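Quick mapping for you: the protein sequence lines, in order, are chains A and B.
The opening residue of the first sequence carries number 37 in our numbering; numbering runs sequentially from there.
The opening residue of the second sequence carries number 753 in our numbering; numbering runs sequentially from there.
Notes follow once the structure below has been shown.
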Amino acid sequence: MSATKAPLLELRNVFQAYGRSSGEKGPLVLDDISLRLDDGEIVGLLGRSGCGKSSLLRIVSGLARPTGGDVLYRGEKVAGPVDGVAMVFQSFALFPWLSVLANVELGLRAKGVREADARRRALKAIDIIGLDGFENAFPKEISGGMRQRVGFARALVVAPNILLMDEPFSALDVLTAETLRTDLLDLWVEGRMPIKSILMVTHNIEEAVLMCDRIVVLSSNPGRIAAEIRVTLAHPRNRLDPEFRQLVDQIYALMTRRAEPPKREGTFPGLGLGMALPTVSTNTLAGMIEEVAAPPYDGKADLPALADSLQLEIDDLFPVAETLQLLRFAELAEGDIKLTTAGKRFAEMDVDQRKKLFGDHLLAYVPLAQRIRRVLDERPSHYAPATRFREELEDYMSEDYAEMTLRSVTTWGRYGEIFAYDEGAQTFSLENPQ
Amino acid sequence: MLNNFVALTSLGRRTLPNLWDIVALALVLGVFALAAFGWRGMALPLEAPETAQLSLDYSALPYYGLRTTLRMFAAIGFSLLFTLVYATLAAKSRRAEMILVPLLDVLQSVPVLGFLSFTVTFFLGLFPGSTLGAEGAAIFAIFTSQAWNMAFSFHQSLRTVPRDLDEVAKSFGLTAWQKFWQLEAPFAMPGLIWNMMMSMSGGWFFVVASEAITVGDVNVRLPGVGSYLALAIESKRIDCVVAAVVAVALIILAYDQLLFRPIVAFSGKFRVELSASQDEAESWVRDLFVRTRWLRVAASWPASLLRRASLWKMALPFAAPRLPQSRRASVLFDIVWFAAIGAVFFYSLYLVFEFVRSAVSLDELRHALLLTFYTLIRVVVLIALATLIWVPIGVWVGLRPRIAEKIQPLAQFLAAFPANVLFPIAVVGILTFRLDPDIWLSLLIIFGTQWYILFNVIAGASAFPNDLREVSANFRIRGFTWWKNVILPAIFPYYVTGALTASGGSWNASIVAEYVKWGDDTIEAQGIGAYIAAATAAGDYPKIVLGVSLMSVVVILFNRLFWRQLFGFVERRLRLS
Chain A
37 MSATKAPLLE
47 LRNVFQAYGR
57 SSGEKGPLVL
67 DDISLRLDDG
77 EIVGLLGRSG
87 CGKSSLLRIV
97 SGLARPTGGD
107 VLYRGEKVAG
117 PVDGVAMVFQ
127 SFALFPWLSV
137 LANVELGLRA
147 KGVREADARR
157 RALKAIDIIG
167 LDGFENAFPK
177 EISGGMRQRV
187 GFARALVVAP
197 NILLMDEPFS
207 ALDVLTAETL
217 RTDLLDLWVE
227 GRMPIKSILM
237 VTHNIEEAVL
247 MCDRIVVLSS
257 NPGRIAAEIR
267 VTLAHPRNRL
277 DPEFRQLVDQ
287 IYALMTRRAE
297 PPKREGTFPG
307 LGLGMALPTV
317 STNTLAGMIE
327 EVAAPPYDGK
337 ADLPALADSL
347 QLEIDDLFPV
357 AETLQLLRFA
367 ELAEGDIKLT
377 TAGKRFAEMD
387 VDQRKKLFGD
397 HLLAYVPLAQ
407 RIRRVLDERP
417 SHYAPATRFR
427 EELEDYMSED
437 YAEMTLRSVT
447 TWGRYGEIFA
457 YDEGAQTFSL
467 ENPQ
Chain B
753 MLNNFVALTS
763 LGRRTLPNLW
773 DIVALALVLG
783 VFALAAFGWR
793 GMALPLEAPE
803 TAQLSLDYSA
813 LPYYGLRTTL
823 RMFAAIGFSL
833 LFTLVYATLA
843 AKSRRAEMIL
853 VPLLDVLQSV
863 PVLGFLSFTV
873 TFFLGLFPGS
883 TLGAEGAAIF
893 AIFTSQAWNM
903 AFSFHQSLRT
913 VPRDLDEVAK
923 SFGLTAWQKF
933 WQLEAPFAMP
943 GLIWNMMMSM
953 SGGWFFVVAS
963 EAITVGDVNV
973 RLPGVGSYLA
983 LAIESKRIDC
993 VVAAVVAVAL
1003 IILAYDQLLF
1013 RPIVAFSGKF
1023 RVELSASQDE
1033 AESWVRDLFV
1043 RTRWLRVAAS
1053 WPASLLRRAS
1063 LWKMALPFAA
1073 PRLPQSRRAS
1083 VLFDIVWFAA
1093 IGAVFFYSLY
1103 LVFEFVRSAV
1113 SLDELRHALL
1123 LTFYTLIRVV
1133 VLIALATLIW
1143 VPIGVWVGLR
1153 PRIAEKIQPL
1163 AQFLAAFPAN
1173 VLFPIAVVGI
1183 LTFRLDPDIW
1193 LSLLIIFGTQ
1203 WYILFNVIAG
1213 ASAFPNDLRE
1223 VSANFRIRGF
1233 TWWKNVILPA
1243 IFPYYVTGAL
1253 TASGGSWNAS
1263 IVAEYVKWGD
1273 DTIEAQGIGA
1283 YIAAATAAGD
1293 YPKIVLGVSL
1303 MSVVVILFNR
1313 LFWRQLFGFV
1323 ERRLRLS
């Protein structure tokens, strides 16, 4: 085990838990993650929002410390931001008061590189990344794609060994994102970038298959490594290539299968409360049911095809599909979505009938909705403060997720007319305004 | 300034100075010369301030104006320094934050004008027999009116630095010093500059009040517009009062054009936003400097020096990585810390109590309480009155962009104008027509602060979304329904901001407005402001302490129980978008 043999980066049994203000550890975000990154590969962390992939990236970069386990960079423990690791952010994270050139120079100047030296290296990075002519522009003057190029140049200029990318293309429109991806891949394949390896986080399956040599699929709540897939297709990859499509389908199937276990937990009394509910509007749910019920799908759709035709990414599509599954309006299996009898009936109904059916299913299959309704029924006043349920939820999940879950159940409950909610007073009640 | 990284690429083509260079250079040299000239007067060991001779000659006014302005800038400089240190400390240390932020909150609500007597005696004692003591006291008085809201704004900004930018700074390993100048200070810049402007406006009120002050038998007269005004009042020269009014107006206009507009235009680039905003602030002075050639080259040297300083790899001690110290030790330290704060608090409370009790009877206390109540009623009634008048006018103006464009700067100017300069004119009116001071002096309290209501309401009505206007027109919502359901909820958040500022300013103003002089005539209204002012003139310290304490307590309660609640309601319910 000599140091030269050590991989570029290694994660050993990394755990991460939500911090509580009281100091005790909350629920797990990352559960026993072990991963290695070798020279010359692009590795993708694929997962949905809430699987902790961004937390994982922050641990790798040294911005956050795991609650358990080790991160090793070239065999040495990481205890803070590492010199050889640079990051590209989803939100670009450019300093709005600095020009493009100054943004790129910043990392070098902060390390004490001389002004002339920094200028020369920054100009070179700007040239490589295709930003010539924009040196003196300020971030707010340029388009999103150009801004992310600045983000790349800023990361490359410090000549890192590892480039970390946190959903770098998801804030861009489809065409811009594609251009940037291919440009980046070209630079990588031609070896014009001074980096040894790329670790990227994404929720876009096609993007992962297009760019990565290895895809690590993470499951959600808590984040665990669900599968590792090697992609051996040669660059440049073609999205229409049957092999490419097959890989995409395979990953879709994998990710829908992984969504099963939490559903079953939900039927255990008491445990189901801990299920985080995604923000999905009832209009979207109804729209999805109608889409799947109508031709050409007629009640059964292939998820990748559906995502394509609705122009949704998995982060948008999966929560909807899973909510439908949770409410027993649809079933997910092997990358397909299939409407249940109730789902098909729902598609045929008028507004009032739909609300009634939705309310019934909500009470029957969502433990939190049941819980709220039961408390309201039991209390003589038929009032209950929202904080009561929020605190209960926070035993299972982070404050943000508790908030989101409560908001979702409120919206659904209002639509199904199983309870009312007063935002000003933050209370649930049984009375509906006349 | 610090981050002017713009490369001077155009330099190679033509290197002759252009016309803008000459104009800008004249401007810069002029400002420097004036500052040097005024500074000489401040630093020279003049005779004791009591004996300083002032002249009512109009020709003396420019020099007095210069001295007053320099005092203002000295104070704003100190305020800035205070802000950077105090707010940073509060933002970086949890324990410091526990006392610094509430302290700031209290200081912000306390009528600092009431403390003038203490600060003057303190500073005079610090530099016996020299002008510097009096100058220090005046500058400190202005400082106390400027620093708190700046520190608040800066602290707020430091706490809300965007997370992704913070992560960039961390991942590039910026030291605390580098991060402060590269990220935190620039991010806080727009808010800080806006608050600096508000502070500068507020400061005028205090500079006028603090240049000429009598505490018991100590009589301070500093050369300045405020002293000139005081002298004009003593000699009953209404023409000189008018001259002082004109002088103040001109100074305010000048620094607005020469200083604040360029700074605001410049600070636009520090705003964190994704697209270029529609209404970029304009400034002819900034344009002038941008167009110069030689001056920019000359400025690039100090700019690069500053840049290098801002990138200096120094770690500030208080931002050292938080050590994972043992929990028990940390909790123990917290307890000791709280106990210390509590002890200091109760001991000072005890001191104040003892000091006041030694000289003030229970009847006196009852009397003072009643007076506080009178002033409270005065402030509430006047704010209500100003609301009734200015809200409809503000809405009318705000919904008409053409008119608002012209009225808004005027309203802001009036808010900046120190109302106490105008008091003598009102006093002459009250004396001539033998009006009841209890009613008519009250109007002076709101005189300077009502404009905050006006310009905030105008801003609110101007920002009223066009689609909502069209909806209400489409559904023919008119009259009472329109006011109640459409426009009032829309402008309410703005109104609350304006009314809060107006209310705070009114309390301060009551100290000078309830007790006014014209020559030998003194007009007094029943109120705690007059009580404090009279006690100050007599040098009766226990009464001053009593009056100021009572006023502070009422102001703090009023803010907590009324304005804070209203703000909470606005945040929850009425914020558009």
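Glycine residues also receive a C-beta, built at the ideal position from the N, C-alpha and C atoms.
Only a predicted model underlies this, so the values are computations on that prediction, with no experimental measurement involved.
{"Asked": "If you run the structure through DSSP and keep just helix, strand and coil, what is A:Gly371?", "Found": "coil"}
{"Asked": "Is it right to say B:Lys1236 is buried, meaning 16 or more other beta carbons lie within 10 angstroms of its own, or is it exposed?", "Found": "exposed"}
{"Asked": "Does any residue of chain A bring its CB to less than 7 Å from the CB of B:Pro1245?", "Found": "no"}
{"Asked": "Please determine, among B:Ser869, B:Val1209, B:Ala890, B:Ala842, the residue with the shortest C-alpha to C-alpha distance to B:Phe830.", "Found": "B:Ala890"}
{"Asked": "Given a cut-off of 7 Å, decide if B:Ala886 and B:Leu771 are closer than it, judged by their beta-carbon atoms.", "Found": "no"}
{"Asked": "Quick check on B:Asn971: does DSSP put it in helix, strand or coil?", "Found": "strand"}
{"Asked": "Taking B:Thr1127 as part of the alpha helix (DSSP H), name the residues at either end of that continuous run.", "Found": "1114-1150"}
{"Asked": "Can you pull out the residues from the stretch 1228-1241 of chain B whose beta carbon lies closer than 9 Å to at least one beta carbon of chain A?", "Found": "none"}
{"Asked": "I'd like to know if the stretch 328-341 of chain A and the stretch 370-384 of chain A are in contact, where contact means that at least 3 CB-CB pairs between them fall below 8 Å.", "Found": "yes"}
{"Asked": "Where does B:Trp1064 fall in DSSP's three states?", "Found": "coil"}
{"Asked": "Is DSSP giving B:Ala982 helix, strand or coil here?", "Found": "helix"}
{"Asked": "Return the CA-CA distance between A:Val79 and A:Arg250, expressed in angstroms with no decimal places.", "Found": "5 Å"}
{"Asked": "Of all the options B:Met952, B:Val1131, B:Val913, which has the alpha carbon lying nearest to the alpha carbon of B:Ile1003?", "Found": "B:Met952"}
{"Asked": "DSSP has A:Phe51 in a bridge; who is on the other side?", "Found": "A:Gly104"}
{"Asked": "Do A:Lys113 and A:Asp119 come within 7 Å of each other at the CB atom, strictly closer than that value?", "Found": "no"}
{"Asked": "Beta-carbon separation of B:Leu856 and B:Phe892 under 7 Å?", "Found": "no"}
{"Asked": "Compare the C-alpha of B:Thr896 against each of B:Leu917, B:Arg911, B:Leu865, B:Phe879 and name the closest.", "Found": "B:Leu865"}
{"Asked": "Smallest Cα separation from A:Arg217: which of A:Val237, A:Thr238, A:Glu243?", "Found": "A:Glu243"}
{"Asked": "The alpha helix (DSSP H) spanning B:Val1297 covers which residue range?", "Found": "1293-1310"}
{"Asked": "Does the separation of the CB atoms of A:Ala42 and A:Gly111 fall below 7 Å?", "Found": "yes"}
{"Asked": "Give me the Cβ distance between B:Ile1197 and B:Leu1134, rounded to the nearest whole Å; I'm assuming they're in contact under 8 Å.", "Found": "6 Å"}
{"Asked": "Does the stretch 1225-1244 of chain B come close enough to the stretch 1168-1178 of chain B to have 3 or more Cβ pairs within less than 8 Å?", "Found": "no"}
{"Asked": "In the DSSP assignment, the beta strand (DSSP E) including A:Ile251 goes from what residue to what residue?", "Found": "250-255"}
{"Asked": "How is the beta strand (DSSP E) around A:Thr238 delimited, first residue to last?", "Found": "233-238"}
{"Asked": "Could you compute how far the alpha carbon of A:Ser179 sits from the alpha carbon of B:Leu1047?", "Found": "33 Å"}
{"Asked": "With a threshold of 8 Å, are at least 3 pairs of Cβ atoms found where one atom belongs to the stretch 1301-1309 of chain B and the other to the stretch 438-452 of chain A?", "Found": "no"}
{"Asked": "Run through DSSP, which three-state label would A:Arg465 get?", "Found": "It should be pointed out that residue 465 of chain A corresponds to Ser in this sequence rather than to Arg. In the structure shown, A:Ser465 sits in a strand (DSSP, three-state: E or B)."}
{"Asked": "At what residues does the alpha helix (DSSP H) containing A:Asp458 begin and finish?", "Found": "Not the alpha helix (DSSP H): A:Asp458 falls in the beta strand (DSSP E), residues 456-458."}
{"Asked": "Shorter than 7 Å from the beta carbon of B:Gly925 to some beta carbon of chain A?", "Found": "yes"}
{"Asked": "Taking all protein chains shown into account, do 16 or more other C-beta atoms lie within 10 angstroms of the C-beta of A:Ile95, making it buried, or fewer, making it exposed?", "Found": "buried"}
{"Asked": "So, A:Met247 versus A:Met201, is the Cβ gap smaller than 7 Å?", "Found": "no"}
{"Asked": "How long is the line joining the alpha carbons of A:Ala295 and A:Ser255, rounded to whole angstroms?", "Found": "The predicted position of A:Ala295 is uncertain, since its pLDDT is 47 and thus under 50; a value taken from the coordinates is nonetheless stated next. Taking the straight line joining both Cα atoms gives about 8 Å."}
{"Asked": "For B:Pro1161, which residues does DSSP report across the bridge?", "Found": "Beta-bridge pairing links B:Pro1161 to no other residue."}
{"Asked": "Should B:Pro1176 and B:Ile985 be called a contact, given that it needs their Cβ atoms to be closer than 7 Å?", "Found": "yes"}
{"Asked": "Helix, strand or coil: which one does DSSP assign to A:Val79?", "Found": "strand"}
{"Asked": "State the DSSP-derived secondary structure class of B:Ala1261, mapped to helix, strand or coil.", "Found": "helix"}
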